[in-house]
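Notes follow the structure.
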């Protein structure tokens with residue numbers, strides 16, 4: 007299963023903001039992660055609604071990892087960004103094997119196992135040692151002109 011770009015961005019943004027003690031901006035996140043600002047802004051907004059980030063408007067505002075978000079799981083974030091759909095959309099393809107297909111059941115099992123593993127990983131685990139020093143270096147990296 008391949009995660010879509012928004013899901014990948016969401017997890018990287020969570021990892022970058024989790025160990026940081028100071029707020030950051032969408033522009034800084036986009037620059038540090040080498041991602042388009044418009045996409046980062048959309049993902050940040052979705053993460054805020056999910057309870058992963060807190061956003062504060064205004065001159066001294068910014069984005070910060072939400073209190074308690076370290077307990078959310080990677081599986082929750084993946085489901086929020088990927089949806090609950092199946093790996094293969096059999097109804098949309100008009101597959102002639104649909105009525106007797108054994109593959110679909112196995113793909114469902116594989117997807118459930120994939121998400122079950124991600125449900126065991128908390129966002130706080132992604133930002134803890136040994137990753138924290140590297141992530142803090144990224145979040146403190148000076149901006150290039």
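Numbering (the numbering used here), first residue to last: 7 to 151.
Where is the CB? At the ideal position from N, CA and C, for every residue including glycine.
At a Cβ-Cβ threshold of 9 Å, residue 133 and residue 20 count as neighbours. Nearest in C-alpha terms to residue 90, of all of 73, 41, 121, 51, is 121. For the pair residue 15 and residue 60, the CB atoms are not nearer than the 9 Å cut-off. In the DSSP assignment, residue 39 falls within the unbroken alpha helix (DSSP H) covering 32-39. Going by beta carbons, residue 58 and residue 30 fall outside the 9 Å limit. Boundaries of the alpha helix (DSSP H) harbouring residue 130: 129-133, taken from the DSSP string. For residue 34, there are no CB contacts under 6 Å within the same chain when 5 residues up- and downstream are skipped. Here the alpha carbons of residue 82 and residue 116 stand approximately 17 Å from one another.
When DSSP reads this structure, residue 69 sits in a beta bridge with 30, 61.
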